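Residue numbers (the numbering used here), protein chains in the order written: chain U, 151 to 445; chain P, 13 to 267; chain E, 422 to 778. We treat Cβ as the ideally placed atom computed from N, Cα and C, and that holds for glycine. These figures come from a predicted structure and were not determined experimentally.
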Amino acid sequence: MHSRWAKTLLSLPPAVYLLLFFALPSLMMLFASFRYPGDYGGLAPWYFLEDGELTLELTLENWQRLFESTIYLGLLLKSVGFALLTTAICALMAYPLALTIARSPKKNRDLLLLLVILPFWSNFLVRIYAWMIIFSPQGALTAGINQLSALFGLEPINLMFSSTAVITCLVYVHLPFMVLPLYANLEKHDKALLDAAQDLGASRARRFWLITWPLSLPGLYAGAVLVFIPSLGIFAIPDLLGGTNGIMIGNVIKQQFVEARDWPFGSVLSLVLTAITLILVILAGRLGRTPGAAK
Amino acid sequence: MKNNKLLLTATVLVYLFLYIPLLVVMLFSFNDSRLNAEWVGFTFKWYGQLFGNAEMLRAALNSLIIASVSALLSGTLGTLAGVAMHRFRQKWLSALVLGPVAMPDILIGVSLLLMFMLFNVTLGATSIILAHVSFSIGFVALAVQSRMAGMDDSLLEAARDLGATPWQSFRLVTLPLLLPGIVAGMMMAFTLSIDDFVVTFFTAGVGSTTLPLEIYSMVKIAVTPEVNAVSTLLMLLTLVLITALSRFSPQTLRS
Amino acid sequence: MKKLLGCLLVIAGTTGLAPLAAADKVLHLFNWNDYIADETVTRFQKQCNCKVVQDYFSSTEEMMAKLLAGGGDYDVVIPTQNAVEALVKQNFLMALDKSKLGNMTNMAAGFMNKAYDPGNAYSLPYAFTTTLIGYNESRITELGIDPADWSIIFDPAVLEKIKGKVTVMDDSEELFAAAMKYLGYSANDTNEQHLKDAQAVILKAKPYWAAFNSSSYIKELTVGNVWVAHGYSSDMFQARADAKEANRDFSVNFVLPAQGAVLALDNMVVPNKARNPILAHEFINFMMAPENAAELSNIVGTGNPNASAKAYIDDEILAISAIFPSQEQLATLETISARKSKERRFISRLWTEVKVR
């Protein structure tokens, strides 16, 4: 039934495509990280053939540059911090939402879920733009906050072009990614467990912490991965809302490839980001199989 | 009781958080002022300007073409991958297919730019399509795979017992049953392609601007409420698409 | 379900044909944003019976990146003089067919046959701008700050009063040039220690700046979000006009700093891979006609290298020294020369560090 050629016929086309357009570019990037940048950008040739003599133009200096000063690793750390903060806030906001939807009557659930997904289906840039409007120095929010802070004698603040703006928007854009896996997990919880606990006299709080919370952890991890990894590589949000200080590793990668045209160094940074992502994905896979997880 | 009220309030607040920014965008698309700061008056002029904006219309057309081709291509390749992944459980295929889904967009965009440049490929609509397909295959495959997992194998057994060849049983039993999953995956690929910004940013060429790139350039440079108008229209379009999808096959929304 | 697939195929098929029909007579123009008037474009479209598709860039680095990353099939590009030199060196440009460019005689001799392109083999001057300070007149006078000095964006003592209300260009060449001028060095000075000093100046001032912005600072100034912006004279001219038109309770003005600034001469070039070189030449010749060239000054607010156009330019614009600098001011202005790759890479590294710190 599962003849050899059926196997090949099915898996070969997508495999070839992805080898060509996913695996190969990644390998080329690895190779590019050891080359010199071209005079006017891009990559310099990696070998010279003069009079039959082959000289290789490869170098470690791009990788060395990563560790020369602490700023790049510092930026990576900062980006990880931003992504962690975003994930934490998303978890905090998504949990009550997912819980409410999971507990509501079946007929309402689809609608409530749809309402969560709907904003996500609007264009990514529109969602950023919305926050540019809300945070604008001439806007009502800033005016309101500053009027309030003036009552306390505090200096007027600017919401736009700050780390706060970046985190808020990051949370906004990634919230549905946290809600959905969490909901998928919570929906499967066996109500009988909670009923039994109630019969045994456990309070609401205890029922939550001892039953619901541990069972929901795999869903939480799944959501965390879905929020953390994309947040790490993002550049549009810090670009538009971050100002001079709110930039993340994605911005520097973009800058290397677009403005500075130092592709070898850009490759180095990208590879580091890839490595971090891979480690996290593997870790998440392991953590997702915690003992006592819901079916 | 008190716990419930707290939960309910939290839920409502989060929903508000999700919707207020979008409502602000929509509201100001009708505002008679170049600023998105205070309400001045009601007008449709930004929508009017939008339809006269040749660049925007061209970008919209590009987006539609690219998304359609990408959906078709990734639909085909993704279905094959999804079936293979479900049937044969090859770890390497899963890694290859789902890799682009797991990676941050910027890495895909940047590595493809590198490769295209090194192979002297002129960037354009083709390069964008090739890039979009690479990450869309995974989504189609996931949709197809989950559909297959929920499929009743006994139907296939029955077909085999009745003398159908593997190809016949695939064509006449499996494929029709899979179709909702395939279509859902393709619609997902279509939406991902239309909405994509980062990967397109790095792989677009001359004259192949897509709608998100055009919006980005408007947001960075021009920022008139035309942006609000196009955003509102896009949201309405997606609402229509989603409603159609939910009528069409409600359970595919869940996957 | 099958119907849906069929629909998608039909859509793909029909929409696929539409752009093919339109590709007949299209000029792809790659230009600085806000650097050509809509009226000029419309008039050209009528004259050539073609469509003009514009793509924009807001810094030389951005333009070079796009061109060299496989985007080389624009018909006409408007690079600054140092970029022209780099592009010529890389054999990226098509030699101009002078027989199609009769209006060349209109150009002022002082702008022709320069070192970056001897004999104007590959480029013809388009417009020139200075990079200077645009500011919110009411606020800055209120605070008693002198805007005609680079200290307004570099001196922490001054920045203290306008914290968060300043934007600088997101352009390594322009910002470093400004910092060098502030320190009293030449903008083309390649001494590594001097450049590091300039970087130090930039880093000290960075916490006070709102953002690095080369594209929307016109709007930020006009709206009042920002009180000081580092940018091009043509953009500031438009910001001033916009603020007046919007009836703001403040006015926007612009001025050349005393320590000197950068003068940029932008040119029209045709890439080798241009899809429609004939149309490209037609456009270049069109832009050298005095009425069309004059619109660059009158509407966009640029300096004009076209001698015959002078007759068509408004007197009040000719009088603005930031746009048409006087002889004494010209002495303080410098054009940025093309950098050697080693210098380019050094500055590029310093710039990355500026962004990251």
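Beta carbon of residue i nearer than 8 Å to that of residue j
{"i": "Phe407 of chain U", "j": "Leu142 of chain P", "result": "no"}
{"i": "Leu251 of chain P", "j": "Leu268 of chain U", "result": "yes"}
{"i": "Leu616 of chain E", "j": "Leu771 of chain E", "result": "yes"}
{"i": "His339 of chain U", "j": "Leu370 of chain U", "result": "no"}
{"i": "Ser146 of chain P", "j": "Phe128 of chain P", "result": "no"}
{"i": "Cys471 of chain E", "j": "Leu448 of chain E", "result": "yes"}
{"i": "Ala569 of chain E", "j": "Val676 of chain E", "result": "yes"}
{"i": "Ala619 of chain E", "j": "Leu642 of chain E", "result": "no"}
{"i": "Glu409 of chain U", "j": "Glu482 of chain E", "result": "yes"}
{"i": "Val316 of chain U", "j": "Leu391 of chain U", "result": "yes"}
{"i": "Trp630 of chain E", "j": "Thr314 of chain U", "result": "no"}
{"i": "Leu106 of chain P", "j": "Ser148 of chain P", "result": "For clarity, residue 106 of chain P is Ser in the given sequence; the question names Leu instead. For Ser106 of chain P and Ser148 of chain P, no; Cβs fall outside 8 Å."}
{"i": "Gly493 of chain E", "j": "Lys763 of chain E", "result": "no"}
{"i": "Lys404 of chain U", "j": "Ile118 of chain P", "result": "yes"}
{"i": "Val775 of chain E", "j": "Leu624 of chain E", "result": "yes"}
{"i": "Asp207 of chain P", "j": "Phe274 of chain U", "result": "yes"}
{"i": "Trp196 of chain U", "j": "Leu206 of chain U", "result": "yes"}
{"i": "Ala530 of chain E", "j": "Leu717 of chain E", "result": "no"}
{"i": "Leu455 of chain U", "j": "Arg185 of chain U", "result": "With chain U covering only 151 through 445, there is no way to say anything about residue 455 of chain U."}
First and last residue of the uninterrupted beta strand (DSSP E) at residue i
{"i": "Ile554 of chain E", "result": "Ser544 to Asn557"}
{"i": "Glu200 of chain U", "result": "Tyr197 to Glu200"}
{"i": "Thr333 of chain U", "result": "According to the sequence shown, residue 333 of chain U is Tyr rather than Thr. Taken as a continuous stretch (DSSP letters only), Tyr333 of chain U belongs to no beta strand (DSSP E), being part of the alpha helix (DSSP H) at Ser313 to Glu337."}
{"i": "Phe478 of chain E", "result": "Lys472 to Phe478"}
{"i": "Val673 of chain E", "result": "Val673 to Val676"}
Inter-residue CB distance, residue i and residue j (contact presumed, cutoff 8 Å)
{"i": "Ser655 of chain E", "j": "Thr723 of chain E", "result": "5 Å"}
{"i": "Ala83 of chain P", "j": "Leu223 of chain P", "result": "Not really, about 16 Å apart at Cβ, beyond 8 Å."}
{"i": "Ala280 of chain U", "j": "Leu34 of chain P", "result": "6 Å"}
{"i": "Phe213 of chain P", "j": "Gly136 of chain P", "result": "That belief does not hold up - the Cβ atoms of Phe213 of chain P and Gly136 of chain P are roughly 14 Å apart, past 8 Å."}
{"i": "Ile278 of chain U", "j": "Ile397 of chain U", "result": "No, Ile278 of chain U and Ile397 of chain U are not in contact; Cβ-Cβ is about 15 Å, not under 8 Å."}
{"i": "Leu419 of chain U", "j": "Val402 of chain U", "result": "6 Å"}
{"i": "Gln502 of chain E", "j": "Tyr190 of chain U", "result": "The Cβ separation is near 16 Å, so there is no contact."}
{"i": "Met528 of chain E", "j": "Asn706 of chain E", "result": "Not a contact, Cβ separation roughly 12 Å."}
{"i": "Leu62 of chain P", "j": "Ala173 of chain U", "result": "So it is not a contact: roughly 41 Å between Cβ atoms."}
Beta-carbon neighbours of residue i, restricted to chain U and to distances below 7 Å
{"i": "Gln102 of chain P", "result": "Ser161"}
{"i": "Ile194 of chain P", "result": "By Cβ distance, chain U contributes nothing, its closest Cβ being about 14 Å from Ile194 of chain P, past 7 Å."}
{"i": "Asp165 of chain P", "result": "The contacting residues do not exist; Asp165 of chain P stays about 11 Å from chain U at best."}
{"i": "Gly585 of chain E", "result": "Asn308"}
{"i": "Gln511 of chain E", "result": "Tyr190"}
{"i": "Ser769 of chain E", "result": "Ala410 and Asp412"}
Endpoints, the alpha helix (DSSP H) within which residue i is located
{"i": "Trp413 of chain U", "result": "Trp413 to Leu437"}
{"i": "Asp736 of chain E", "result": "Asp736 to Leu739"}
{"i": "Val266 of chain U", "result": "Lys256 to Phe270"}
{"i": "Ala171 of chain P", "result": "Asp165 to Asp173"}
{"i": "Ala743 of chain E", "result": "Note, Ala743 of chain E: premise wrong, no alpha helix (DSSP H); not H, not E."}
{"i": "Asn706 of chain E", "result": "Pro698 to Met708"}
{"i": "Met657 of chain E", "result": "Ser654 to Glu666"}
{"i": "Phe575 of chain E", "result": "Ser572 to Phe575"}
Candidates the options: closest to residue i by CA position
{"i": "Phe704 of chain E", "options": "E:Val497, E:Met484, E:Ala490 and E:Lys487", "result": "E:Val497"}
{"i": "Leu76 of chain P", "options": "P:Trp58, P:Phe213, P:Ser229 and P:Ala201", "result": "P:Ala201"}
{"i": "Gly416 of chain U", "options": "P:Phe29, P:Met97, P:Leu126 and P:Val24", "result": "P:Leu126"}
{"i": "Met179 of chain U", "options": "U:Thr424, U:Ile432, U:Leu428 and U:Leu249", "result": "U:Thr424"}
{"i": "Pro380 of chain U", "options": "P:Val210, P:Ser220, P:Ile194 and P:Val231", "result": "P:Val210"}
{"i": "Met198 of chain P", "options": "P:Glu169, P:Leu253 and P:Leu62", "result": "P:Leu253"}
{"i": "Tyr543 of chain E", "options": "E:Asn674, E:Pro692, E:Gln614 and E:Phe549", "result": "E:Pro692"}
{"i": "Leu25 of chain P", "options": "U:Ala244, U:Leu309, U:Val166 and U:Met282", "result": "U:Ala244"}
{"i": "Leu332 of chain U", "options": "U:Thr237, U:Ala372 and U:Leu309", "result": "U:Ala372"}
{"i": "Phe532 of chain E", "options": "E:Gly523, E:Ser520, E:Leu545 and E:Ala667", "result": "E:Leu545"}
{"i": "Thr91 of chain P", "options": "P:Leu62, P:Val36 and P:Arg183", "result": "P:Arg183"}
{"i": "Thr588 of chain E", "options": "E:Ala626, E:Thr526, E:Leu700 and E:Asp663", "result": "E:Ala626"}
Within chain U, the residues that residue i reaches when beta carbons sit closer than 9 Å
{"i": "Phe40 of chain P", "result": "Ile283"}
{"i": "Asp44 of chain P", "result": "Ordered by position in chain U, no residue passes the 9 Å Cβ test against Asp44 of chain P, which lies about 16 Å from the chain."}
Any C-beta of chain A under 8 Å from that of residue i
{"i": "Ile140 of chain P", "result": "The displayed structure is made up of protein chains U, P and E, and chain A is not among them."}
Cross-chain neighbours of residue i in chain U, by beta carbon under 8 Å
{"i": "Asn646 of chain E", "result": "Ser286, Pro287, Gln288 and Met310"}
Chain-ordered neighbours of residue i on chain P, where CB pairs are closer than 8 Å
{"i": "Asn490 of chain E", "result": "The residue you asked about is not Asn; residue 490 of chain E is Ala in the sequence shown. Per Cβ cutoff of 8 Å: Leu125, Met129 and Leu135."}
{"i": "Trp413 of chain U", "result": "Leu126"}
Per-residue contacts from residue i into chain E (C-beta, under 7 Å)
{"i": "Tyr222 of chain U", "result": "Val777"}
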